[in-house]
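Numbering (this note's numbering), first residue to last: 31 to 211.
For every residue, glycine included, the Cβ atom is placed at its ideal position computed from N, Cα and C.
Below: one structure, written as structure tokens.
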């Protein structure tokens, strides 16, 4: 018998001072049985970092044709394709052909190895941004995971503060590659 996804609800308040984006989001995340708490929380933090009214979660691990998050315009054209983890270089290249902007958010101990192996091929993609989240921060975020979460995310000067109750985690993303301007 196949295991079913765990449904998690998050009330996410975002204060992105850098972009002037302030909003409350009531989010529903389907956590695939093979997905860790850390990965789910990275998806949630990625949503907060790139938040937009049109940003939505994809089917993620259960779908080869959809990213973890994406943003489409009103005609259905993919504006942003967002992958979490260390995707295959071929998948990233294909995404760059389908979307105006592709963002990969790396985390975990294997991220450095992945980047060193993929860097030369991925550097050529002009519409690709690669962001690295520190291991200590993502592991701490995993402890905030739950079926019902109330989170506040403040983004200022590139630094992210993720708060749940009395617990605050500071995340300083590192940009390994930025989209060509």
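- In this structure, residue 160 and residue 126 do not form a Cβ contact; the two beta carbons are roughly 12 Å apart against a cut-off of 8 Å.
- When the Cα atoms are used, residue 183 and residue 59 turn out to be separated by approximately 17 Å.
- Around the Cβ of residue 168, a 10 Å sphere holds 16 or more other Cβ atoms; the residue is buried.
- DSSP places residue 65 outside both helix and strand once states are collapsed to three, so it counts as coil.
- With respect to residue 96, residue 88 sits close: the two C-beta atoms are nearer than 8 Å.
- For the 8 Å CB-CB criterion, residue 101 and residue 109 form a contact.
- Under the DSSP definition of a beta bridge, residue 116 lacks any partner.
- Ranked by Cα distance from residue 195, the options 186, 207 and 176 are led by 176.
- Beyond the five residues adjoining it in sequence on each side, residue 185 comes within less than 6 Å, by CB distance, of 46 and 48 in the same chain, given in chain order.
- Collapsing the DSSP output to three states places residue 79 in a helix.
- Taking the Cα of residue 172 as reference, the smallest distance to any Cα among 133, 74, 205 and 50 is reached at 74.
- The residues 116, in chain order, have a CB closer than 7 Å to that of residue 140 in the same chain once the five nearest residues on each side in sequence are set aside.
- Under DSSP, residue 204 takes part in a beta bridge, and its partners are 162.
- Taken through DSSP and simplified to helix, strand or coil, residue 74 comes out as helix.
- For residue 201 against residue 152, the beta-carbon gap comes to about 22 Å, at or over 8 Å, which does not count as contact.
- Looking from the CA of residue 118, the closest CA among 103, 144 and 132 belongs to 144.
- Exclusion of the five residues before and after residue 43 leaves 54 and 182 as the residues of its chain whose Cβ lies within less than 6 Å of its Cβ.
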